[in-house]
Amino acid sequence: MNSEQAFVSVYIYYRLDGSKAAYMRSQQSNDCKFDTNFTGRDISFLQLPGAGRIMTLESWEEAKDELVGVIRDQVEFLQKSDVSEFLRFLEISKVMLVLPEPSSADKQKIMQLRDLLAQHRAAEARERAKNDALREKARRLQQEQRRLTEEIFRMSSASHSQRGGPAPVERRGY
(Lines of atoms letter the chains of each structure in order from A; the text may use other names.)
(Lines give C-alpha, C1' and ligand atoms only; values in the text may rest on other atoms or scores of the structure.)
Protein backbone atom coordinates (compact mmCIF):
# COMPACT_ATOMS: atom_id res chain seq x y z
CA MET A 1 0.00 0.00 0.00
CA ASN A 2 1.41 3.37 -0.88
CA SER A 3 0.42 6.63 0.77
CA GLU A 4 -1.32 7.88 -2.39
CA GLN A 5 -4.11 5.31 -2.14
CA ALA A 6 -7.36 6.82 -0.89
CA PHE A 7 -9.10 5.16 1.99
CA VAL A 8 -12.86 5.49 2.20
CA SER A 9 -14.69 5.56 5.51
CA VAL A 10 -18.19 4.18 5.55
CA TYR A 11 -20.58 5.52 8.17
CA ILE A 12 -23.47 3.12 8.77
CA TYR A 13 -26.58 4.17 10.69
CA TYR A 14 -29.02 1.58 12.02
CA ARG A 15 -32.55 2.75 12.69
CA LEU A 16 -34.79 1.23 15.36
CA ASP A 17 -36.76 -0.65 12.71
CA GLY A 18 -33.52 -2.37 11.64
CA SER A 19 -33.14 -0.53 8.34
CA LYS A 20 -29.77 0.97 7.43
CA ALA A 21 -28.44 4.15 5.93
CA ALA A 22 -24.84 4.72 4.95
CA TYR A 23 -22.61 7.39 3.54
CA MET A 24 -19.02 7.31 2.37
CA ARG A 25 -16.31 9.80 3.29
CA SER A 26 -13.01 10.02 1.46
CA GLN A 27 -10.13 10.55 3.88
CA GLN A 28 -8.13 12.12 1.09
CA SER A 29 -10.55 14.92 0.21
CA ASN A 30 -12.89 14.67 3.23
CA ASP A 31 -15.82 14.71 0.80
CA CYS A 32 -18.98 13.10 2.10
CA LYS A 33 -21.41 11.28 -0.19
CA PHE A 34 -24.67 9.57 0.71
CA ASP A 35 -25.10 6.62 -1.61
CA THR A 36 -28.19 4.41 -1.48
CA ASN A 37 -26.77 2.07 -4.14
CA PHE A 38 -23.77 1.53 -1.93
CA THR A 39 -26.08 0.84 1.01
CA GLY A 40 -28.11 -1.72 -0.89
CA ARG A 41 -25.31 -3.50 -2.74
CA ASP A 42 -22.15 -3.28 -0.69
CA ILE A 43 -23.59 -3.40 2.80
CA SER A 44 -25.45 -6.57 1.86
CA PHE A 45 -22.12 -7.93 0.58
CA LEU A 46 -20.69 -7.30 4.04
CA GLN A 47 -23.61 -9.34 5.46
CA LEU A 48 -24.49 -6.86 8.16
CA PRO A 49 -27.75 -7.43 10.05
CA GLY A 50 -30.75 -6.26 8.06
CA ALA A 51 -34.37 -5.34 8.73
CA GLY A 52 -35.11 -8.89 9.88
CA ARG A 53 -32.96 -8.30 12.96
CA ILE A 54 -34.49 -5.41 14.80
CA MET A 55 -32.20 -3.85 17.36
CA THR A 56 -33.92 -2.18 20.28
CA LEU A 57 -32.30 0.28 22.63
CA GLU A 58 -32.17 -2.41 25.33
CA SER A 59 -30.28 -4.87 23.15
CA TRP A 60 -28.11 -2.33 21.33
CA GLU A 61 -24.93 -2.99 23.37
CA GLU A 62 -25.03 -6.73 22.63
CA ALA A 63 -25.98 -6.11 19.00
CA LYS A 64 -23.16 -3.59 18.62
CA ASP A 65 -20.58 -6.09 19.94
CA GLU A 66 -21.90 -8.75 17.57
CA LEU A 67 -21.91 -6.28 14.69
CA VAL A 68 -18.28 -5.34 15.34
CA GLY A 69 -17.37 -9.05 15.07
CA VAL A 70 -19.23 -9.39 11.76
CA ILE A 71 -17.55 -6.29 10.36
CA ARG A 72 -14.10 -7.46 11.51
CA ASP A 73 -14.60 -10.86 9.83
CA GLN A 74 -15.79 -9.26 6.60
CA VAL A 75 -12.97 -6.72 6.48
CA GLU A 76 -10.41 -9.51 7.03
CA PHE A 77 -12.03 -11.41 4.16
CA LEU A 78 -11.91 -8.33 1.94
CA GLN A 79 -8.22 -7.79 2.66
CA LYS A 80 -7.31 -11.40 1.82
CA SER A 81 -9.15 -11.67 -1.49
CA ASP A 82 -8.84 -10.14 -4.95
CA VAL A 83 -11.78 -7.82 -4.36
CA SER A 84 -11.69 -4.45 -6.10
CA GLU A 85 -9.50 -1.67 -4.69
CA PHE A 86 -12.52 0.16 -3.38
CA LEU A 87 -13.77 -2.75 -1.30
CA ARG A 88 -10.32 -3.84 -0.16
CA PHE A 89 -9.62 -0.46 1.41
CA LEU A 90 -13.12 -0.14 2.77
CA GLU A 91 -13.01 0.93 6.39
CA ILE A 92 -16.08 0.77 8.60
CA SER A 93 -15.38 3.74 10.81
CA LYS A 94 -18.63 4.49 12.53
CA VAL A 95 -21.74 2.47 13.38
CA MET A 96 -24.60 4.29 15.08
CA LEU A 97 -28.21 3.81 16.09
CA VAL A 98 -30.47 6.67 15.05
CA LEU A 99 -34.09 7.23 15.97
CA PRO A 100 -36.58 7.31 13.09
CA GLU A 101 -38.22 10.58 12.10
CA PRO A 102 -41.65 10.90 13.76
CA SER A 103 -44.67 10.76 11.45
CA SER A 104 -46.61 13.95 10.74
CA ALA A 105 -49.34 12.82 13.17
CA ASP A 106 -46.68 12.27 15.83
CA LYS A 107 -45.14 15.67 15.05
CA GLN A 108 -48.55 17.30 15.46
CA LYS A 109 -49.08 15.47 18.77
CA ILE A 110 -45.60 16.54 19.93
CA MET A 111 -46.39 20.18 19.08
CA GLN A 112 -49.71 19.95 20.97
CA LEU A 113 -47.95 18.47 24.00
CA ARG A 114 -45.30 21.20 23.86
CA ASP A 115 -48.05 23.84 23.75
CA LEU A 116 -49.80 22.22 26.73
CA LEU A 117 -46.51 22.09 28.62
CA ALA A 118 -45.90 25.79 27.90
CA GLN A 119 -49.43 26.65 29.08
CA HIS A 120 -48.92 24.57 32.23
CA ARG A 121 -45.62 26.27 33.00
CA ALA A 122 -47.19 29.70 32.45
CA ALA A 123 -50.08 28.81 34.81
CA GLU A 124 -47.59 27.58 37.43
CA ALA A 125 -45.64 30.84 37.13
CA ARG A 126 -48.86 32.87 37.59
CA GLU A 127 -49.80 30.81 40.67
CA ARG A 128 -46.31 31.23 42.13
CA ALA A 129 -46.56 35.00 41.60
CA LYS A 130 -49.99 35.07 43.31
CA ASN A 131 -48.67 33.00 46.23
CA ASP A 132 -45.63 35.26 46.58
CA ALA A 133 -47.90 38.34 46.61
CA LEU A 134 -50.16 36.75 49.26
CA ARG A 135 -47.15 35.81 51.42
CA GLU A 136 -45.86 39.38 51.20
CA LYS A 137 -49.29 40.77 52.13
CA ALA A 138 -49.53 38.35 55.11
CA ARG A 139 -46.05 39.41 56.26
CA ARG A 140 -47.02 43.10 56.11
CA LEU A 141 -50.29 42.42 58.00
CA GLN A 142 -48.40 40.53 60.73
CA GLN A 143 -45.98 43.45 61.10
CA GLU A 144 -48.90 45.88 61.33
CA GLN A 145 -50.62 43.64 63.91
CA ARG A 146 -47.42 43.57 66.03
CA ARG A 147 -47.07 47.34 65.78
CA LEU A 148 -50.72 47.89 66.81
CA THR A 149 -50.45 45.41 69.69
CA GLU A 150 -47.37 47.23 71.00
CA GLU A 151 -49.15 50.58 70.61
CA ILE A 152 -52.18 49.30 72.54
CA PHE A 153 -49.88 47.98 75.29
CA ARG A 154 -48.09 51.35 75.58
CA MET A 155 -51.37 53.23 75.70
CA SER A 156 -52.72 50.82 78.32
CA SER A 157 -49.54 51.19 80.42
CA ALA A 158 -49.75 54.96 80.26
CA SER A 159 -53.41 54.92 81.24
CA HIS A 160 -52.80 52.66 84.29
CA SER A 161 -49.82 54.69 85.49
CA GLN A 162 -51.86 57.92 85.36
CA ARG A 163 -54.59 56.31 87.53
CA GLY A 164 -52.04 54.91 89.94
CA GLY A 165 -52.94 51.26 89.33
CA PRO A 166 -50.62 48.38 88.69
CA ALA A 167 -49.04 48.27 85.24
CA PRO A 168 -50.43 45.59 82.94
CA VAL A 169 -48.35 42.49 82.38
CA GLU A 170 -46.50 42.65 79.10
CA ARG A 171 -47.62 40.01 76.63
CA ARG A 172 -45.25 38.84 73.96
CA GLY A 173 -45.33 36.16 71.30
CA TYR A 174 -47.51 37.59 68.60
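In terms of the UniProt record's numbering, the sequence shown opens at residue 1 and continues consecutively.
Quick reminder that beta carbons are idealized off the backbone N, C-alpha and C, glycines included.
C-alpha gap between residue i and residue j, whole angstroms
i	j	result
D115	E136	32 Å
L141	R154	20 Å
R126	A138	18 Å
S157	L148	14 Å
H120	Q112	12 Å
R128	R163	53 Å
N131	E150	29 Å
A122	Q108	21 Å
A118	E124	10 Å
S161	A133	42 Å
Q145	I152	10 Å
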